[in-house]
C-alpha cells in the first residue's frame, strides 16, 4: 500500500474499531487512539522526508480522479495535523468525560471517535490534489464537527451550538463547492497541480466569482469574521480538548492552507483582491480582539483570540508578497501551537478547579506551576514577545504589510497586538496570580498525561522562536519556492530594527494599560479591562454585541430566513390555489351555469343544436 | 427467446399479473398473502437487477409484439431503463418488507398489497416501454394505483386528497397525450428507437412537459404531493420519494435526454421552472410543521435538482442527475419510513409536539440523520457526489441566475432538514411519554436504506462509471 494512504486509512479504521462495544475497558480506547495518532505521525514524518509518488485512483469520471499528492505544502500541513492529533489524544487521556445519564466511558469513546475521524478527513483534505477529493474530505468534516460539539456536553446549549457550527460551515462549504465547480470548469481540470502550472487570472466575471466562493469557504473554515460566531459559543458549550483540537488547530490549518492554495497556486490575484484580503484580515483582528478583551470566561476569551489571530494569517497572505505569505503560513503553525497549548491550560485549570470563570479563579501559579509556566510561554508567544515564535511570524506579517504600502493595516495589526497582550495580562493575572479564593485551597497540579502535551507544545513555541531558522528553512520556504523566494536570511533571524522597538513600545503600553485597569478596577485582575469595556460609545457597542446584534448567523436566522420562507410559502399556496381551488370553482360554476339549460324542453335543445351547427359551419367555412 | 428476454418479460408481467393473485392468496391466509406480496417484489427486483449483465455488456434486450398503425408493444432493456427499474423495484421491495408490520393493524390490507404490487408492475412496464403510447398507458396505470393508495384511509379528507392527486396527474397525462399525438402526426410512429435523434416541435415538447411536471410534482403542479401525505407512510415513501415522482424525471430523461433533441430555449425554460420549484418548495418546507409535509416538500425541491441536471445539456450534469435519482430514492425513502415509525409511535405528525425523541428512539434517530445528510449532500454520503456533479454541470451550462437559484435552494435544504431533525429528535420534549423504538423489521429497513446511502458514497466508483457510460452511449445532444 502506498505510504500516502496511511495517515487517512489508519485513523479511519481505528475510529471504526472504537465503536465496537468493548464493555468497561478502561484506557483501551485511549491507548488505541494514541497509538493510531502516533503511527500516523510517523507516517506523516516519513512522507515529509521521502515524498512518495502521488496516488491516483479512478473515481467519478475522467476529470475527477481520486488523487493524493504530497508536495512541500501538503506534506508540511500533514505533519502539523498529525502532530496536533497526537498531542490532543495524549492530553485527553485523563480528561474527565463525565456524561450524565450515559455509560461511564461513553464521552471518551465518542470524543476519540470524532478526533480520529477528524484527523483522517483533515489529512485527506491537505493531501488531496484533485479539488473534488479535497472537497470530499473538507465537507466530510462537517459531520464530525457536529457530533464533536453535540456529544461533548449533554445540554441543549451544546446541541444548539452544534447546529450553529454545522449550518455556518455547511453553507460556506456549499460556496466552496460552487467555487470548485466553476474553477474546475474554467481551468478545464480539477487537478490543483495542473492548474498551478497555468494559473487562472481574475480578469473576467466567472473567475472572479469562483475565487470569491473559494475564499468564503477558506476563511470561514479558518474562522474569520463574519463566519466566526460559533467559535466563542462552542468555547462555553463544548470541551477544552475539542477547542484545542478543532477551532484552534485543525480548522486554522485547513482554512489557511486552502487560502494559500487558492491565492498563490490557483489564481493570480490583483490589487483590489489584495486590498479585500488585507481589509478582511485587519477587521478580523480588531473585532475579535476587542471582544476577547472584555470576556470573563477563560475558554471564551481564548476562543476570541483564535478568531483574532486568523486575521494576521489572512493579512499576511493578503499582502501577496513572499515575506507576508511566509509570515502568514508561519503564523498559522505558530498559532495552532500556542493556542492549542492555551486551551490545554484552560482544560487543566477547569479540571482541577471545576470552573473557568475568571472571577472565581486566582493565585494558581503556586499550586499548578507547570500549567502556569506553559501558560506564560504560550501567552507570551501569542502576544508577540521576543524571542518566542509568535514574535517572528508577526514580524514577517508586519514587514509584508509595510512592503505593500498600506500602512493603515500595519497600524491595525499593531493595535491588535497591543490589545492581545492587554487581554492576556488580564487573563494570566486573574487565573495564576493575585489572591487564591478560599474555594481553591485544595487545588493540585493536573495529571502528567495532560502536562506532557502542554509542555511539548510550549517547547515547540520556544524551538520555533529564537531566530525561527528551523521552521522557516525546513517547512515554510520549501512550500513557497514557486514565489521566487530565495533569501531565507531575510525571513529568519533576529533583527533589532524599528519593528523590534515598536514591539517593545507595544508591550510597555499594554503593561501600563493593565496597571491603569487594575487601579480603576480596585485591584481586581478580572476587572482590568473594565475601563475599556465601559468607556463611552464602546459600552453601548459591547452591549449590542452581547445581544448578538453583530452575529451574522443569529441575525440571518432571526431576520432573513423566516420572512423569506414565509414569502415562498405564500407563493406555494398561490400555486395550490391555481391548481386546486381555482379549477374547482371554475368547473363548479360553469357546471351550475350550464345545468340551467337542462330543463327537459325539447324545443330548447333543438334550438341550441341548430345554433351550434350554424356557428360551426360559419367558423369552419370562414377558416377555410 | 433467450434468458434475458424472459427476464425482461418477467420483470413486467410478474407484478402486473401477480397483483391479481394476491386476493386469492388472502383467501388462503394472511401470511400467504403477505409472503406472496414480498416475494413478488423480490422477484421483480431480481429480474430487473439481472438485466444489468446484458446491458453492461453493451447488449440491448428487446421484445416486441406488433400492433397496427405503429402502436407496437415494445419492451426494451437498455442502460437507462434497467438502472431505473432496479432502483424502483429495490426501494419497493424494502417498502413491502417494512409494510408487513406497519400496515398490519389497518383495514383494506389486501387492496393495499394489490395496489402496491400493481403499481410496481406498471412502473416496470413504463420504464421498459420503448413506445410512447404504451408508456402513456402504463403511466395512467401508475396514476390509478396511486389514487387508490393515497386514499387508503377512507375519511372525506383522505378521499379529497386522493382525488386531487389523480385529477392533477390525469390532467397532466392528458396534456402529454396531446403531445404524443402531435409527435405521431409528425413522424407516423411512436417507436422511440425510430425517433432517436429527431427534432421535436416546441408545442409537442411543451405538452409532454406538462405531463412530466405534474407527475413529478414540480411547479406549478407541486402541491398535490404534500397533500397526499395523508396516506400511510409506506405509500408516501413509495409514491413521493422513491418511485412515482421519479416517473416524471425518468420520462424527461427518456424523451428529451436519450430520444429527441429538445428545441433551444426549451431546456432553459425547464431550468428556470426547476429553479423556482426548488426555492418555493424549500421555503414551504421551512414553514410547515407536519413531518410528512416537510419531507414531501423536500422531495419537490430535490426533484428540481434532478431536472437541473437533466436540462443542463452536458454529460456531467446528466450523469449527475441519474446518480441523483439513485441517491435521492434511497435517502428519501429512508426518511419517509423513519417518519412512519415516528408517526406510529408518537401518534402525531406535528413536529411541535415531538422533541427530544433521540433519547427513546436512538436507532431511528441515527438512521434519520444519516438519510438527511445524504439528502443534504454531505460527504461521505452518496448524495454529495450527485449534488456535486449536478452543480458542476450547471456551472458548465453557464447560467448564473440558475446557479444562484439552486445554491439558495441547497442552502434552504440544509436549513429545513437541520431544523426538522432538531425539532424531532433534539430540542425540548413537548409533552409525550417517550415513545418506544419501532418494530425490528421497520427499524432494520430504515437503517438498511441509511447504510446503503453511506455505502453508495464509499463505492461511488461503480454507480458513477455506470451513469457515465450510460450518458456516453445513449445521450443525445449533450456537450
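Chains as they are written, first to last, in the numbering used here: chain A, 537 to 1160; chain B, 306 to 784. Don't be surprised by glycine CBs; every beta carbon is placed ideally from N, CA and C.
Distance between residue j and residue i (C-alpha atoms, nearest Å)
i	j	result
residue 541 (chain A)	residue 580 (chain A)	10 Å
residue 644 (chain B)	residue 708 (chain A)	29 Å
residue 805 (chain A)	residue 952 (chain A)	26 Å
residue 826 (chain A)	residue 737 (chain A)	36 Å
residue 963 (chain A)	residue 802 (chain A)	41 Å
residue 638 (chain A)	residue 665 (chain B)	Low local confidence applies: a pLDDT of 44 at residue 638 (chain A) is under 50, so the model's placement there is unreliable, with the coordinate-based value given in what follows. Answer to the nearest angstrom: the Cα atoms are 13 Å apart.
residue 1078 (chain A)	residue 600 (chain B)	41 Å
residue 662 (chain B)	residue 731 (chain B)	7 Å
residue 722 (chain A)	residue 568 (chain B)	27 Å
residue 997 (chain A)	residue 747 (chain A)	34 Å
residue 386 (chain B)	residue 393 (chain B)	11 Å
residue 635 (chain A)	residue 315 (chain B)	In this predicted model, residue 635 (chain A) has a pLDDT of only 44, less than 50, meaning its place in the structure is not dependable; the value taken from the coordinates is given anyway. Cα to Cα, the separation comes out at about 56 Å.
residue 520 (chain A)	residue 961 (chain A)	Any answer about residue 520 (chain A) is impossible in this case: the structure gives chain A only from 537 up to 1160.
residue 580 (chain B)	residue 350 (chain B)	33 Å
residue 1126 (chain A)	residue 463 (chain B)	26 Å
residue 715 (chain A)	residue 726 (chain A)	11 Å
residue 396 (chain B)	residue 724 (chain B)	26 Å
residue 773 (chain B)	residue 693 (chain B)	14 Å
residue 844 (chain A)	residue 958 (chain A)	14 Å
First and last residue of the uninterrupted beta strand (DSSP E) at residue i
i	result
residue 368 (chain B)	366-370
residue 379 (chain B)	378-382
Boundaries of the alpha helix (DSSP H) in which residue i is found, first to last residue
i	result
residue 564 (chain B)	From DSSP, residue 564 (chain B) is part of no alpha helix (DSSP H); its letter is neither H nor E.
residue 602 (chain A)	No alpha helix (DSSP H) contains residue 602 (chain A), which is instead part of the beta strand (DSSP E) from 602-604.
residue 592 (chain A)	Unbroken run through residue 592 (chain A) is the beta strand (DSSP E), 591-593; no alpha helix (DSSP H).
residue 820 (chain A)	807-829
residue 498 (chain B)	497-500
residue 672 (chain A)	667-686
residue 779 (chain A)	776-781
residue 597 (chain A)	Taken as a continuous stretch (DSSP letters only), residue 597 (chain A) belongs to no alpha helix (DSSP H), as it is neither H nor E.
residue 904 (chain A)	Run containing residue 904 (chain A): none; DSSP gives neither H nor E here.
Nearest to residue i (by Cα), restricted to the options the options
i	options	result
residue 818 (chain A)	A:760, A:730 and A:619	A:760
residue 1028 (chain A)	A:631, A:1093, A:1054 and A:927	A:927
residue 628 (chain A)	A:988, A:590, A:1034 and A:872	A:988
residue 744 (chain B)	B:407, B:414, B:733 and B:529	B:407
residue 994 (chain A)	A:970, A:1009 and A:908	A:908
residue 1117 (chain A)	B:699, B:657 and B:466	B:466
residue 434 (chain B)	B:750, B:560 and B:528	B:560
residue 679 (chain B)	B:672, B:442 and B:688	B:688
residue 553 (chain A)	A:624, A:650 and A:574	A:650
residue 609 (chain B)	B:697, B:597 and B:587	B:587
residue 809 (chain A)	A:868, A:1017, A:1111 and A:739	A:739
Other residues of its chain near residue i: CB distance less than 6 Å, five sequence neighbours each side excluded
i	result
residue 602 (chain A)	593, 595 and 669
residue 697 (chain A)	685, 769, 770 and 773
residue 1142 (chain A)	none
residue 699 (chain A)	none
residue 1164 (chain A)	In this structure chain A extends from 537 to 1160, so residue 1164 (chain A) is not present and cannot be described.
residue 556 (chain B)	517
residue 1035 (chain A)	931 and 934
residue 321 (chain B)	426
residue 519 (chain B)	473, 474, 477 and 526
residue 346 (chain B)	397, 398 and 401
Contacts around residue i, its chain only, beta-carbon distance under 7 Å, and the 5 residues preceding and following it disregarded
i	result
residue 483 (chain B)	512
residue 882 (chain A)	776, 834, 835, 838 and 892
residue 920 (chain A)	926, 927, 930, 953 and 1039
residue 324 (chain B)	419, 422, 423 and 426
residue 694 (chain A)	685, 686, 688, 773 and 774
Neighbourhood of residue i by C-beta, 8 Å cutoff - its chain only, sequence neighbours within 5 removed
i	result
residue 469 (chain B)	529, 532 and 533
Taking 8 Å as the cut-off, does the region 566-574 of chain A touch the region 672-692 of chain A (at least 3 CB pairs, one atom from each stretch)?
no
Would you say the region 902-909 of chain A touches the region 937-950 of chain A, given that touching needs at least three Cβ pairs under 8 Å?
no
Taking 8 Å as the threshold, find out whether the region 447-459 of chain B comes into contact with the region 486-500 of chain B through three or more Cβ pairs.
Under the three-pair Cβ rule at 8 Å, the region 447-459 of chain B does not count as touching the region 486-500 of chain B.
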